[in-house]
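Protein sequences appear in the order of chains A and B. Using the working numbering, the first residue of the first sequence is number 429, and each one after it goes up by one. Using the working numbering, the first residue of the second sequence is number 80, and each one after it goes up by one. Note that the Cβ used here is the ideal one computed from N, Cα and C, for glycine as well. Computed from a prediction, not measured in an experiment: that's the story for all the values here.
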Amino acid sequence: MIRLVAVVDDGPAAARALFDLTDRDLVIVGRDPATCLGLQWPEPPPEPDGAALRQFNGLIQALMDTCTVLPFRFWAAAQQTQKIDRWLSEQSARLVALMGRVRGRVELAVRASVESAGSAAPAGSGRAYLEGLRRSQQAHPALLGMHSALAGVSADARVLSADGARLAAAYLVDAGRVPGFCRAVDAAAGASPGVCRRTVTGPWAPYSFVDLPDGVVEPGRRGRG
Amino acid sequence: MNDASCEDVALVDLADRLLAKGVTINGDIVLSVAGVDLVYLSLRALIASVETAMDLGVAQEGLLR
Numbered sequence: 429m430i431r432l433v434a435v436v437d438d439g440p441a442a443a444r445a446l447f448d449l450t451d452r453d454l455v456i457v458g459r460d461p462a463t464c465l466g467l468q469w470p471e472p473p474p475e476p477d478g479a480a481l482r483q484f485n486g487l488i489q490a491l492m493d494t495c496t497v498l499p500f501r502f503w504a505a506a507q508q509t510q511k512i513d514r515w516l517s518e519q520s521a522r523l524v525a526l527m528g529r530v531r532g533r534v535e536l537a538v539r540a541s542v543e544s545a546g547s548a549a550p551a552g553s554g555r556a557y558l559e560g561l562r563r564s565q566q567a568h569p570a571l572l573g574m575h576s577a578l579a580g581v582s583a584d585a586r587v588l589s590a591d592g593a594r595l596a597a598a599y600l601v602d603a604g605r606v607p608g609f610c611r612a613v614d615a616a617a618g619a620s621p622g623v624c625r626r627t628v629t630g631p632w633a634p635y636s637f638v639d640l641p642d643g644v645v646e647p648g649r650r651g652r653g
Numbered sequence: 080m081n082d083a084s085c086e087d088v089a090l091v092d093l094a095d096r097l098l099a100k101g102v103t104i105n106g107d108i109v110l111s112v113a114g115v116d117l118v119y120l121s122l123r124a125l126i127a128s129v130e131t132a133m134d135l136g137v138a139q140e141g142l143l144r
């Protein structure tokens, strides 16, 4: 099995970046402007514990320092280099366009929450219960307002999850504007009544803005059990 | 937020990014953070200990192990 790591725009530089970080044999398929990097992985993929996730992300981060990166997910795998090669050929134009969109940019993760209003009063009817449930599953207006403000100062934005009290979102930001974005988070939180907590993590590779198709990518494993 | 909490938040964000695709299809996965088993339900909004999730009846052991 080949565990897929990323599609990059500078294969030789990317391979050099990975060489010292893994004792696995590198699999390099394709050529500029879209090269796919993977690792020979004869055994089943590792459990997704913290160490394994950080190790995989460490490879991606090393690539980010070197070239433009379209990261695969933890489970992505392929059986044959020929399939990867065919997929690269078929997707070349799309991959190049995607790299153009994320080049020089990083992903920042923002989680924000508001004081929970607590459980709704016991519902007197099924309709009241369902309406309360629907409200609890919708993002709080203050969180949506904060997200809207941050989307306005980023190149792209995605809400990853939201409910009545919490929101997790991803923002694609020019690498040189990360400090300014963090200040914008503070400002947006301050301007959104009720937002009581927020965290920013990153810079990440643009995971949330790169959705490589499943075609060639055969899930190695999808969780325990 | 202390360093350990910051690390946990970063790991949650990392898991969301690295595992979201594929895992969400099947639902649940157990991830261990600092020796504590955590369960992500659809890797989206909820993060709770396995024990708590079972107490609340939102997860079945067979799905988690």
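Within 10 angstroms of the beta-carbon of Leu-449(A) lie fewer than 16 other beta-carbons, which makes it exposed.
Note that the C-beta distance between Thr-463(A) and Ala-490(A) is not below 8 Å. Across the structure, Ile-488(A) and Asp-614(A) are spaced so that their CA atoms are roughly 28 Å apart. Around Arg-444(A), the same chain offers Thr-494 as residues with beta carbons nearer than 8 Å, after the five sequence neighbours per side are excluded. None of the residues of the region 605–620 of chain A has a beta carbon lying less than 8 Å from any beta carbon of chain B. By the CB criterion at 8 Å, Leu-454(A) and Ala-505(A) fall outside the cutoff.
At least one C-beta of chain B is nearer than 8 Å to the C-beta of Ala-537(A). Within the region 453–508 of chain A, the complete alpha helix (DSSP H) segments of 4 residues or longer fall at 478–492, listed in chain order.
With a cutoff of 8 Å on beta-carbon distance, Ala-603(A) and Arg-533(A) are scored as near each other.
In the DSSP assignment, Tyr-599(A) is bridged to Leu-536(A), Ala-585(A).
Per the C-alpha coordinates, the member of Ala-596(A), Leu-571(A), Arg-529(A) positioned closest to Leu-536(A) is Ala-596(A). Val-497(A) sits close to Val-436(A), with the two beta carbons spaced by under 8 Å.
With a threshold of 16 other beta carbon atoms within 10 Å, Phe-447(A) falls short and is exposed. For Arg-444(A), the uninterrupted alpha helix (DSSP H) segment begins and ends at 439–447.
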